[in-house]
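K.L.:
Let me begin by handing over the structure; questions about it come next.
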Amino acid sequence: MSPTFSPNLVLVVTTSVLLTLISLSSGRIKFAPHNVNAYINEDTTTCPDFACPKVLCDLKRKNVQNFCENVQCVGIEVENCTENNAAGAGRTMYEEKLTMCGCCPGCVKYKGVGEECEQYPPPPSPDPECTDQFCKVLMNTCAPGLICPLVGHNEKKCSYKSTLTGGFSELTSCHDKRALAFSNDLYWTPRCEEDESYSPKQCKGSYSGGICFCVSKEGRRIFGTEYQRQAQNQTCACSRQVHELRESGHIASFHCTPDGNYEPLQCDTESGLCYCVEPKTGKMTGAVLPENEWKNLPCFSLNLTNFNPELGYYRVCESEWAPAQKLSLEASLHGLKVLSGRRLNCDFDGSYAPVQNMDQLTKCVNKDGTLIGAYRDSEDKHDTDCQCVRDEIKSWQEGIPFMKRCADITGNYDVISPIDQTAPQHWRCVDRDGIFFGEDIVEDQYKCCLYGNLPTYPPRNCDKEPINVKQKCYDPTMSDEWNKDKIRPCYFWAT
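Residue 1263 is where the sequence shown starts when you use this note's numbering, and the numbers rise one by one after that.
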């Protein structure tokens, strides 16, 4: 039974011209599938579906431009959509643009691997058994990345698109990765766009200790990171735009904040014009001035990221990189090629990126270009990203203890790390973004099991350990019964 409420409950929707308070008609009123300051009238026959109240439906049908920008969604966060999920039993997760006619997020539950499915499933519906504050939407379909085969041994049961003959690496789209998350083979749930590309912003870990970061459409991490508990306004719009411009050969002079949003002041160095923008979207908000008058803009501040008054709009790294790029581009138009003695890698805030190539070595550097310790990788043999050492420096600068372990050569996160650096008695797997994962918290004497038999870590596997240690480790050549309760290696999970 759905809970009942007073007939005087209101739905608050702002438009560009007024604040509308709608009193719902008397009778039974249901909670929306999540709590977003809105209650849905029982009578939804004139709207697209149960998640689109009539007042918003009417605005949408009248093609009111950007009406979602004036709908305030409150009360639902990623952590409200997490629950313990049995393997193959589907998974509840956070999804953008789910309710309020596509304006607000919510919690959804799809069917997981092995669950029965239909060729023509019923439309999404609210969970009839939910009495919590945050109710999930039952999608009644297989999870994105899964299919409902009509023939074969998995007939009418949600299954992977691929047979996985080549392992998890065959699953490359965002929807494929989401499908892995539904069966607990992937320890985090990517956010996807309708075209199966990755959403600009991705989040991992818990709300209190996790991070949100920016990625390309292909899911590769790019500039822009924020603690998950502080990432409500993070959009990654700037990072995604700069990345795509650079990938297409353009000299992008936009400046992004550390979380991947736009800095309030931007200059287009090709046109020589500067202006103020809205940080989350990059939309222009005021007058346009010539580049030599950029400090007269109302959004100018001396607290701009990496601001150096001697360099003007350009920052410490791009002040060297951008002119070289312009020269190379100009030369190419005349059929010439410019040989540069130094390959610079600049972040999207104009500072030096963590990884720089110097003297045929890949080295880790600070934002000002100074070297970090002795981290150096010959010819980038180990796919260096320097993420761990950069995060460690950032943590100490903010007065936050850093509890992970960095790899000696690369400055990447090590494959495993102690739960507590001050007392390294229990260990877990760690991914490239510094997030703990896997089912097992392993005692110190068995930590070699987490490495498995990876050839890149021969000193760390269990080959030379006593037999009682080896017998605690997962063995892919043995039966499922033998491997029950064994310690599985980190590579067992997709990442």
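Here a beta-carbon is modelled for each residue, glycine too, at the ideal position from N, C-alpha and C.
Per DSSP, what kind of secondary structure is residue 1444 in: helix, strand or coil?
P.N.:
helix
K.L.:
What does DSSP give as the partner residue(s) for residue 1355 in the beta ladder?
P.N.:
1370
K.L.:
Can you tell me whether DSSP reads residue 1738 as helix, strand or coil?
P.N.:
Coil, per DSSP.
K.L.:
If you pair each beta-carbon of the stretch 1582-1593 with each one of the stretch 1536-1555, do three or more pairs fall below 8 Å?
P.N.:
no
K.L.:
Buried or exposed: residue 1438, going by 16 or more other Cβ atoms within 10 Å of its Cβ?
P.N.:
It counts as buried.
K.L.:
Just to confirm my understanding: we take residue 1412, look at its own chain, exclude 5 residues before and 5 after, and list those with CB closer than 8 Å. What are they?
P.N.:
1381, 1418
K.L.:
Rounded to whole angstroms, what's the CA-CA distance from residue 1672 to residue 1646? Just pull it up for me.
P.N.:
Between residue 1672 and residue 1646, the C-alpha separation is close to 5 Å.
K.L.:
Excluding the 5 residues preceding and the 5 following residue 1358 in the sequence, name in chain order all residues of the same chain whose CB lies nearer than 6 Å to its CB.
P.N.:
1367
K.L.:
Could you round the C-beta distance between residue 1708 and residue 1749 to whole angstroms and report it? I think they count as a contact, below 8 Å.
P.N.:
6 Å
K.L.:
Helix or strand or just coil, what does DSSP make of residue 1710?
P.N.:
helix
K.L.:
What is the rounded straight-line gap between the Cα of residue 1757 and the Cα of residue 1385?
P.N.:
32 Å
K.L.:
Give the straight-line distance between the Cα atoms of residue 1745 and residue 1632, rounded to the nearest whole angstrom.
P.N.:
48 Å
K.L.:
Note down, in chain order, each residue of its chain lying with its Cβ closer than 6 Å to the Cβ of residue 1621, except the 5 sequence neighbours on either side.
P.N.:
In its chain, beyond the 5 residues on either side, no residue has a beta carbon closer than 6 Å to the beta carbon of residue 1621.
K.L.:
Are the beta-carbon atoms belonging to residue 1481 and residue 1452 less than 9 Å from one another?
P.N.:
yes
K.L.:
State yes or no: is the C-beta of residue 1443 within less than 9 Å of the C-beta of residue 1449?
P.N.:
yes
K.L.:
Do residue 1397 and residue 1404 have their beta-carbon atoms positioned less than 9 Å apart in this structure?
P.N.:
no
K.L.:
Beta-carbon separation of residue 1523 and residue 1542 under 9 Å?
P.N.:
yes
K.L.:
So is residue 1493 buried or exposed if we call it buried at 16+ other beta carbons inside 10 Å?
P.N.:
Result: buried.
K.L.:
Please return the same chain residues whose Cβ sits closer than 6 Å to the Cβ of residue 1478, not counting the five positions on each side in sequence.
P.N.:
1484, 1505
K.L.:
Checking the sheet assignment: what are the DSSP bridge partners for residue 1689?
P.N.:
1680, 1704
K.L.:
Find out if the Cβ-Cβ distance for the pair residue 1370, residue 1393 is shorter than 9 Å.
P.N.:
No.
K.L.:
Which first and last residues belong to the beta strand (DSSP E) in which residue 1555 is found?
P.N.:
Premise fails: residue 1555 is in no beta strand (DSSP E) and is neither H nor E.
K.L.:
Starting from the N-terminal side, write out each stretch of the alpha helix (DSSP H) that is 4 residues or longer and does not extend beyond the stretch 1467-1523.
P.N.:
1499-1509, all fully within the stretch 1467-1523.
K.L.:
For residue 1737, count neighbouring C-beta atoms within 10 Å of its own C-beta (all shown protein chains included) and say buried if the count is 16 or more, exposed if not.
P.N.:
exposed
K.L.:
Is residue 1328 buried or exposed, if buried means 16 or more other CB atoms sit within 10 Å of its CB?
P.N.:
exposed
K.L.:
Over the uninterrupted alpha helix (DSSP H) stretch that includes residue 1530, give me the two end residues.
P.N.:
Element bounds for residue 1530: not the alpha helix (DSSP H) but the beta strand (DSSP E), 1527-1530.
K.L.:
Hey, residue 1702 and residue 1675: beta-carbon distance below 9 Å or not?
P.N.:
no
K.L.:
Cβ atoms of residue 1637 and residue 1625: under 9 Å apart, would you say?
P.N.:
At a Cβ-Cβ threshold of 9 Å, residue 1625 and residue 1637 count as neighbours.
K.L.:
Give the straight-line distance between the Cα atoms of residue 1356 and residue 1342, rounded to the nearest whole angstrom.
P.N.:
Near 8 Å, if we compare the C-alpha coordinates of residue 1342 and residue 1356.
K.L.:
Report yes if the C-beta distance between residue 1698 and residue 1755 is below 9 Å; otherwise report no.
P.N.:
Their beta carbons are not under 9 Å apart, which means residue 1698 does not touch residue 1755 by this criterion.
K.L.:
DSSP has residue 1615 in a bridge; who is on the other side?
P.N.:
Under DSSP, residue 1615 takes part in no beta bridge, so it has no partner.
K.L.:
Let me check understanding here. Comparing Cα to Cα, which of 1435, 1530, 1465, 1690 lies closest to residue 1455?
P.N.:
1435
K.L.:
Using only CA atoms, which one of 1529, 1587, 1578 lies nearest to residue 1559?
P.N.:
Nearest C-alpha to residue 1559: 1529.
K.L.:
Report back the beta-carbon spacing between residue 1501 and residue 1474 to the nearest angstrom; my notes put them in contact at under 8 Å.
P.N.:
About 12 Å; that fails the 8 Å criterion.
K.L.:
Note the first and the last residue of the continuous alpha helix (DSSP H) segment covering residue 1338.
P.N.:
That residue, residue 1338, is in no alpha helix (DSSP H); it is neither H nor E in DSSP.
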